[in-house]
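> For the sequence shown, the numbering used here gives the first residue as -7, with consecutive numbering after it.
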Amino acid sequence: MRIQDIMSKNVLSVGPETLLFEARTRMKVGGVHHLLVKKDFKIVGILSERDTRRASASDIVSDVMTEHVVTVSPETTIRQAANLLRGRSIGCLPVLDGQDAVGIVTTTDLLELLGRGVEKPIERATRWTLRDRGARRASPAARHARRG
């Protein structure tokens, strides 16, 4: 399964000079916990709800945003995305198609997928049989029993 199958396509963004109060309002109205921070159509950071808690409402987004954004492509596997989130202790991954943000995937999206029970199917073991191998040789004890 790929990221494009579970990502949220509704990606909200703000500019780095946006007041934190406005960004919080945008998150609340949009029902999201992460906003992409864009400048001149390029992603320069990400703002999480957690980032907004530790700052005053008069601050601007660039004061508290995370600048180094880890991104994925729509073809990234669910496992790869989960390992990126887990390995870096981050809450979301913007999904980019080239330079365009086409979606976002969060830890909540992955947990929801797991909770619904969508897992990699378990392959049935192949059982090798010796059906066509010819006559079996009897053990010495079996040969002795037949003679006696």
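Even for Gly, the Cβ is constructed at its ideal location relative to N, Cα and C.
Just tell me which of Gly22, Asp55, Thr99 and Val24 has its CA closest to the CA of Gly7.
Position 15 of the sequence shown, counting from 1, holds the residue named residue 7. Minimum Cα distance to Gly7 is reached at Asp55.
> I want to know whether the segment 9 to 24 touches the segment 34 to 53 - three or more CB-CB distances under 8 Å.
yes
> At which residues does the beta strand (DSSP E) containing Val97 begin and terminate?
Your numbering for residue 97 matches position 105 in the sequence shown. For Val97, the enclosing beta strand (DSSP E) stretches over residues Asp92 to Thr98.
> Just to confirm the assignment, what range does the beta strand (DSSP E) spanning Leu27 have?
The residue labelled residue 27 in the question sits at position 35 within the sequence shown. Note, Leu27: beta strand (DSSP E), His26 to Lys31.
> In terms of residues, what are the limits of the alpha helix (DSSP H) holding Lys34?
Taking the first residue of the sequence shown as 1, we reach residue 34 at position 42. Lys34 -> not in any alpha helix (DSSP H); beta strand (DSSP E) instead, spanning Lys34 to Ser40.
> Touch check for the segment 87 to 98 and the segment -3 to 4: three-plus C-beta pairs under 8 Å?
yes
> Enumerate in chain order the residues of its own chain whose CB-to-CB distance from Val64 is below 6 Å, with the five nearest sequence positions on each side excluded.
Residue mapping note: residue 64 aligns to position 72 of the sequence shown, counting from 1. Only Ile(-5), Ala73, Leu85 and Val87 meet the Cβ criterion.
> To which residues does DSSP link Thr69 through a beta bridge?
Indexing the sequence shown from 1 puts residue 69 at position 77. Answer is Arg(-6).
> Considering only their Cβ atoms, is the gap separating Glu41 from His25 smaller than 8 Å?
Position 33 of the sequence shown, counting from 1, holds the residue named residue 25. Position 49 of the sequence shown, counting from 1, holds the residue named residue 41. Cβ atoms of His25 and Glu41: closer than 8 Å.
> For Thr58, which beta-bridge partners are listed by DSSP?
The count along the sequence shown starts at 1 and reaches residue 58 at position 66. Ile38, per the DSSP bridge assignment.
> Looking at the unbroken alpha helix (DSSP H) that takes in Leu12, where does it start and where does it end?
By one-based count along the sequence shown, residue 12 stands at place 20. Per DSSP, Leu12 belongs to the alpha helix (DSSP H) from Leu12 to Gly22.
> Using the DSSP secondary-structure output, state which residues sit across from Ile82 in a beta bridge.
For this step, residue 82 is matched to residue 90 along the sequence shown. BP columns for Ile82 are empty, so no partner.
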